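Reading through the structure tokens given below for one structure.
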Amino acid sequence: MIRLQGISRYFQVGDQSVHALDGVSLDIGAGQYVSIMGPSGSGKSTLLHILGLLDRPTSGRYFLNNRDTTDLDERAQAQARLEQIGFVFQFFHLVPRLTAFDNVALPLVLSGTPPEDRNDRVRQRLEVMGLADRIHHRPEQLSGGQRQRVAIARATIMNPAILLADEPTGNLDRASGKDVVDALEALVQQGITLVVVTHDPDIGSRAARRIHMVDGRVAEDSMPGGLPP
Amino acid sequence: MRTPDRLSYAGTALRWHRGRTLLTLLAMGIGVAAVVVLTSLGDGARRYVSGEFASLGSHLLVILPGRNDTAGGPPAMLGVTPRDLTIADTVALLRSPAVKRVTPIVVGEAPVSWRGRERSVPVLGTTGDFVRIRRWQMARGRFLPDGDPERAEPVCVIGAKIRDELFGSSDPIGEWVRAGQYRFRVIGVLAAGGRSIGVDKEDLVMVPVASAQTMFNNPSLFRVLVEARSRESIQEARTDVLAILRERHQGEEDVTVITQDAVLATFDRILRALTYTVAGIAAISLLVAGILIMNVMLISVSQRTGEIGLLKALGAPGRQILQLFLIEALILSLMGAVIGYLIGNAGSWFIRYLYPSVPAYPPLWASVASILTAMGTGLGFGILPARRAARLDPVAALSRR
Amino acid sequence: MRFIDLIRLSSSSIFSYRVRSTLTALGIAVGIAAVVLLTSIGEGIHRFVLAEFTQFGTNLIAVNPGKTTTQGTPLGILGTVRPLSLEDAEALARVPYATAVVPVMQGNAEVEGGEHTRRTTVLGVGSEFPQAFSYGVGLGRFLPSDDSLSPRAFAVLGSKLYSELFGKRNPLGEKVRVGSEHYRVIGVMESKGQVLGFDLDDTVYIPAVRALELFNRDSLMEIDVVYEADAPPDEVVGGIKRILSARHGKEDYTITTQQQMLDVLGSVLSVLTFAVGALGGISLFVGGVGILTIMTIAVRERTAEIGLLRALGAAQGQVLLLFLSEAVMLSGMGGVAGLLVGAGGAQLLHLLVPALPVKTPWMYVVLAELVALGVGLITGVVPAHRASRLDPVESLRAE
Ligand SMILES: Nc1ncnc2c1ncn2[C@@H]1O[C@H](COP(=O)(O)OP(=O)(O)O)[C@@H](O)[C@H]1O
Ligand SMILES: [Mg+2]
């Protein structure tokens, strides 16, 4: 489903070039549960951004469903994000003026789904996330764990094949973090491809495939080649 | 994205920042209101003047003695010429089939007295046709008699103010007043009120034209008013008047003929130009409001960087984000314009309330133009912030909270 | 807090939000520029019109027949039972401080000379006309000071009339016909151009009494009295009244001093300048709303900063002062920029359209600047007050 070939990403900082990713090659199969760990600054987020088509590699090729994404234009990339990829961030990124309902409905709104088709889907999603009684609350009225679950509901409302989570528990206490991990793993059970970046070894070790990054390279991969050993 | 969704998305953003939204609407509103009020004032003045000219009487031509060859220069207003424009000239004009009525006018000033009370007042010498041409009304009695205009009958008609000042509460009809060295019997009082260009009909004594000529020892006329048979015959009347007078003045063309339409057109042009100028100056404030919209939208974009990054992560293409921000700018300017339009209409209503005689209605072009200009500036100044939003790098946008 | 630190602190936020500050100041600048430009044009026209008037000197008094006036014109010019005569004019020579007395009779007639005829203005005047109106003779001489009641049939041509009739030929000694009478040309006036819509160059000048005869009138239209520059005008007016009332038995004439006319004209034109300035002021007002908006946003946005300042020991008054000075600096900068653009624009306009006189009135410039600063102050008060009233603990919690 995902194939990276020699992906590098350089940042030009002044007259110095930072190698955030340095020749990463990786295959991730459909339905895999992958955790990415590594020290701060090792390129985890950068990798996730490229996987999510938010960022383009400086060199290398990225095949998504056997289609080369490097030549996709901005609109096609946006379309792919809308339909195939969901994002969950460390800082939730909920729109403060919108209620939980409206935040979750955003992707449907962007895709032009008629209102009558949205209502049930959004409610159902929020109920699954255990937020049935928080539907019309704004982010400031929700706890951190609840916010992140709203964000997960929003990331999955379009039924994407891939869910990318960048330190989803990094801003939460242990109990809320557990709720969030449970919610994510429930999605894996339903067949979603989950890539989660984390600092927490307990969470990282739960994944079927564990990738360790150092200095923009894959230092360890529990399933090189994307296949069980 | 569906249009109602676009609108409601932009709407929530504007409602969320209520204070700045209201202030921006106020700024745009002031600009549009200023344009609407000022153009209604300008256009009101124009219509007022048109109305005044219409009240002068229909199909009117004015003959002034004297003519200048200076192209485009003012006509010889004082009109003192070696060869007089006479009552006989006036009567001769009736030969033209295009001419319906004529009336000669002599103007001057003389002391007028009754039982020891004396005042210096404007004296206007004319004929019975004057009231028919100018459509003046009488308050009491009757106007100057018809008949031979060369006859200096000792009768006069007075304005309301003269009646009050000379006669107080006693009845003036039938009384004899002295004007200069002559005595006149009062046969009528002009109806007060109603304005009339060039003459204050309340402060006026009217006498037969021949009497005025004797009084001022001046055989020449000041003006001759000519009423054409119809609107279509105005030009024909003008040609005839010039021909008849040239013939009577030994082939010399020594008069100026002004048609009511020409004067009206001139006033109309001047007042229109004035209205446009004033509207233009007021429209500068729309520019300032546009700059404010740009400023507020730029701030909005920088404050909502995270939101924009999120939208991109959720799969919104740049074009969609551009549209969302443009719609916000457009809502700001359009709502501001509508508010301004309403305030402006209230303002012009207030002007009409204060000056009932001035038809101060905002002209349609001004309302349409000001609202379109407001929307144009909103769009024009919204483009830059919206493009900035659309082009934000999603990764950078997301990393900034 | 020292003043210099206040300025430094508030200017630091102005400069750190560069685009925003520029646009805010730009709003004020457009408003000020509009005011300055419009009042410059208004004042330019004001001066131009006054200069047109005063080119005849300011120590001038006009006497017209008749007492009543409509729309500023004495009706006695048109017809009166109490004429102003040439003898009246001669008697006025005895008025104290009078340096010149000019009888005036104006009409319109056909003038024939060379091989051409032209309908034009006829001015019957006295011999002191050129000196009274500081209007020079270009060629030959002006009408001589003959016996004013039976002067010789001499005529002087305005420069345009001269060239229309005679082209470039020497007209001196030539005959011209004015109406039905013949005159000998003895001079041509220098060119004066249009004066307030009246073309003095397209005019023939003949002795006043001959004009009265030509037009069959027994009253002059006007008598102009010029007096010594440093003489008290009241005494001159008093002298005129004494002499004329003695001759007429009552005050049946109207006296208008040039100063009165200038005063009326000046106040009308000042109102005009003020009106266009006020129109431009609408934009300034909108610019003020802009400052209010931006400062309101700034206070919200910088809530945390305000909380920090308060935590560090800033008093409410200091926070207020900080935001106020920011608003005033924004409007002041906009004001200066607008002034430069407005005054520069006025000069540029003058270069492009030389016929349009411009003059930047410093009174309005200072006023506009003060208004700009005032706008900053007033619109800054509400946001600054709100900033100063923020609860420090709440503000620190703000993200
Ligand atoms: N926009 C950027 N500009 C410059 N350097 C960047 C940028 N984004 C990331 N980097 C650098 O790339 C490296 C990898 O960053 P990142 O992927 O965020 O690390 P991680 O998420 O593993 O902590 C770091 O050294 C970081 O400083
Ligand atoms: Mg990271």
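Protein chains in written order, with this note's numbering: chain A, 39 to 267; chain B, 4 to 404; chain C, 555 to 953. All C-beta atoms in this analysis are idealised placements derived from N, C-alpha and C, irrespective of residue type, glycine included. Quick caveat, the model's predicted, so the values are computed rather than measured.
Neighbouring residues, chain B, relative to residue i (Cβ below 8 Å)
i, result
"Pro145/A", "Leu317 and Gly318"
"Asn618/C", "Those do not exist, as Asn618/C stays about 10 Å from chain B at its closest Cβ, beyond 8 Å."
Counterpart residues of residue i in DSSP-defined beta bridges
i, result
"Gln50/A", "Ser55/A"
"Leu132/A", "Per DSSP, none; premise fails for Leu132/A."
"Gln660/C", "Leu677/C"
"Ile33/B", "In DSSP, Ile33/B forms no bridge with anything."
"Asp87/B", "Asp87/B is not bridged to any residue."
"Phe187/B", "Val180/B"
"Arg159/A", "None, per the DSSP bridge assignment."
"Ser116/B", "Glu121/B and Arg181/B"
"Val210/B", "Gly128/B"
"Phe708/C", "Arg738/C"
Distance cut-off 7 Å: residue i Cβ against heavy atoms of ligand 1
i, result
"Lys315/B", "no"
"Ala282/B", "no"
"Val56/A", "yes"
"Ser80/A", "yes"
"Ala369/B", "no"
"Val256/A", "no"
"Val51/A", "yes"
"Ala13/B", "no"
"Ala399/B", "yes"
"Gly183/A", "no"
"Gly242/A", "no"
"Gly76/A", "yes"
Ligand 2 heavy atom lying under 7 Å from the CB of residue i
i, result
"Lys216/A", "no"
"Ser83/A", "yes"
"Asp60/A", "no"
"Asp204/A", "yes"
Neighbour list for residue i in chain B, Cβ cutoff strictly below 7 Å
i, result
"Glu666/C", "Those do not exist, as Glu666/C stays about 11 Å from chain B at its closest Cβ, beyond 7 Å."
"Pro138/A", "The question names Pro, yet the displayed sequence has Ala at residue 138/A. Chain B residues near Ala138/A: none, gap ~14 Å exceeds 7 Å."
"Val840/C", "Ala30, Ile33, Gly34, Ser288, Val291 and Ala292"
Amino acids of chain A, ordered along the chain, whose beta-carbon sits closer than 7 Å to that of residue i
i, result
"Met4/B", "Val147, Leu148 and Gly150"
"Val398/B", "His87, Leu92 and Asp93"
Partners in chain C for residue i, counting only beta-carbon separations shorter than 7 Å
i, result
"Met218/B", "Val635"
"Thr27/B", "Thr847"
"Leu367/B", "Within 7 Å Cβ-Cβ: nothing; Leu367/B doesn't reach chain C, min ~22 Å."
"Ile302/B", "Arg574 and Ile851"
Proximal residues of chain B, C-beta to C-beta of residue i below 9 Å
i, result
"Phe49/A", "Simply none; closest approach about 11 Å."
"Glu859/C", "By Cβ distance, chain B contributes nothing, its closest Cβ being about 15 Å from Glu859/C, past 9 Å."
"Ile760/C", "Under the 9 Å cutoff, chain B gives no residues; its nearest Cβ is about 12 Å from Ile760/C."
Interface flag, residue i vs chain F, CB-CB below 8 Å
i, result
"Gln306/B", "The structure shown contains no chain F; the protein chains it does contain are A, B and C."
Interface partners of residue i on chain C, CB under 8 Å
i, result
"Leu297/B", "Note that residue 297/B corresponds to Met in the displayed sequence, not to Leu. Correct list: Leu577."
"Ala91/B", "Correct list: empty, because the minimum Cβ distance to chain C is about 16 Å."
"Pro222/B", "Asn770"
* Are there three or more Cβ pairs, one per stretch, closer than 8 Å when the segment 143-153 of chain B is compared with the segment 211-223 of chain B? -> The segment 143-153 of chain B is in contact with the segment 211-223 of chain B.
* Asked: Touch check for the segment 286-293 of chain B and the segment 122-132 of chain A: three-plus C-beta pairs under 8 Å?
  -> no
* Give a yes or no on contact between the segment 561-570 of chain C and the segment 366-385 of chain B, applying the rule of three or more CB pairs nearer than 8 Å. => no
* Would you call the segment 180-196 of chain B and the segment 107-121 of chain B in contact, with 3 or more CB pairs under 8 Å? -> The segment 180-196 of chain B is in contact with the segment 107-121 of chain B.
* Stretch-stretch touch, CB-based, cutoff 8 Å, three pairs: the segment 767-783 of chain C with the segment 226-239 of chain B -> no
* Inspect the CB distances between the segment 329-339 of chain B and the segment 356-366 of chain B and report whether three or more fall short of 8 Å. => no
* **Stretch-stretch touch, CB-based, cutoff 8 Å, three pairs: the segment 756-763 of chain C with the segment 596-606 of chain C** => no
* Asked: So, do the segment 898-911 of chain C and the segment 844-864 of chain C have three or more beta carbon pairs nearer to each other than 8 Å?
  -> They do not touch, by the three-pair rule.
* Counting pairs of Cβ atoms below 8 Å between the segment 338-356 of chain B and the segment 37-48 of chain B, do you hit three or more? -> yes
* Asked: Does the segment 148-162 of chain A come within contact of the segment 98-114 of chain A, defined as at least 3 CB pairs closer than 8 Å?
  -> no
* To do: Assess, as a yes-or-no matter, whether the segment 693-710 of chain C is touched by the segment 737-747 of chain C under the definition of 3 or more beta carbon pairs within less than 8 Å.
  => Result yes; three or more Cβ-Cβ pairs closer than 8 Å.
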